[in-house]
Amino acid sequence: MYGKGIGAYKRTGVMTADPKQLVLMCYEEAIRNLKIARAKYVSCEYEEKARALIKAQDFICALNSALDLEKGGKIAANLQALYKYIMHRVTEADLKRDLKSMDHIIGILVELKSAWEEILNGHHKDTNPDLNSDQERQRNAARMREMRI
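Shown next, in the form of structure tokens:
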């Protein structure tokens with residue numbers, strides 16, 4: 034009964050969040066879904082595990098697609114390589130049923146999320162006004178809708 038209301042609330046949050054907040058939301062949801070997948074594997078609920086892994090991978094792909102390699106330079110390129118590594122490790126951990134690898138992946142994402150939170154909480158001023166525009170928010174919301182997030 035409450036599921037539809039929660040879904041609508043989350044969609045509203047995604048559509049109104051600024052791009053920096055969307056990145057944080059993607060980290061949170063990737064971590065949450067990987068933890069769900071891990072728990073579902075342990076409890077032998079393999080369909081639910083697969084669904085959670087797919088959602089986690091969708092959020093990691095969203096993080097990767099949000100990178101601007103031109104403006105982000107070396108940092109963006111390093112993050113892109115890290116996201117590819119994470120995607121590879123998620124697949125490998127699933128195929129090998131390796132919970133330690135899953136924990137390692139979650140740990141990497143938790144560290145990245147913490148770093149991003151420090152940037153947000155450090156009152157990081159963006160010198161690029163385009164990143165804060167309504168047009169950018171709408172574009173990000175459209176991306177999230179396409180991914181069924």
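Each residue of the sequence shown is one higher than the one before, starting from 34 at the first, in the working numbering. Note that CB positions come from ideal geometry on N, CA and C, so glycine has one too. Predicted model only: the values in this text are computed from it and were never measured.
Sort the options by Cα distance to residue i and report the nearest one.
i, options, result
"L132", "Y74, D51, Y79", "Y74"
"L64", "V123, E103, E80, K107", "The sequence given here has Ile at residue 64, not Leu. When each option's Cα is compared against that of I64, the closest is V123."
"A83", "K117, L128, A50, G106", "L128"
"K68", "E150, A99, G105, I139", "I139"
"A99", "W149, K146, L55", "L55"
"M135", "A50, K107, A85, W149", "A85"
"R71", "K107, A126, Y118", "A126"
Could you give the first and the last residue of the continuous alpha helix (DSSP H) run that contains residue i?
i, result
"G106", "102 to 129"
"G140", "132 to 154"
Considering only residues of the same chain and omitting the five flanking positions on each side of residue i, which have a CB-CB separation below 7 Å?
i, result
"T160", "Residue placement at T160 is flagged as unreliable, the pLDDT there being 43, under the threshold of 50; a coordinate-derived value is accordingly withheld."
"M120", "Q90, I93"
"S193", "With the chain represented from 34 up to 182, any question about residue 193 goes unanswered, as that position is not in the structure."
In three-state DSSP terms, what is residue i?
i, result
"C59", "helix"
"A89", "helix"
"E80", "helix"
"D51", "coil"
"Y74", "helix"
"A95", "helix"
Considering only residues of the same chain and omitting the five flanking positions on each side of residue i, which have a CB-CB separation below 8 Å?
i, result
"D101", "A109"
"G105", "L112"
"L153", "K53, Q54, L57"
"N66", "A85, L86, K88, A89, F92"
"R130", "Y74"
CB-CB under 6 Å to residue i, same chain, minus the five flanking residues each way: which ones, in chain order?
i, result
"C59", "F92, A95, L96"
"E81", "K73"
Just checking: is the beta-carbon of residue i within a distance shorter than 8 Å of some beta-carbon in chain D?
i, result
"A63", "No chain D is present in this structure, which holds just one protein chain."
| said: Assess contact between the stretch 106 to 120 and the stretch 71 to 86, defined as three or more Cβ pairs (one per stretch) separated by less than 8 Å. Is contact present? | reply: no
| said: With three or more beta-carbon pairs closer than 8 Å as the criterion, would you say the stretch 80 to 91 touches the stretch 144 to 157? | reply: no
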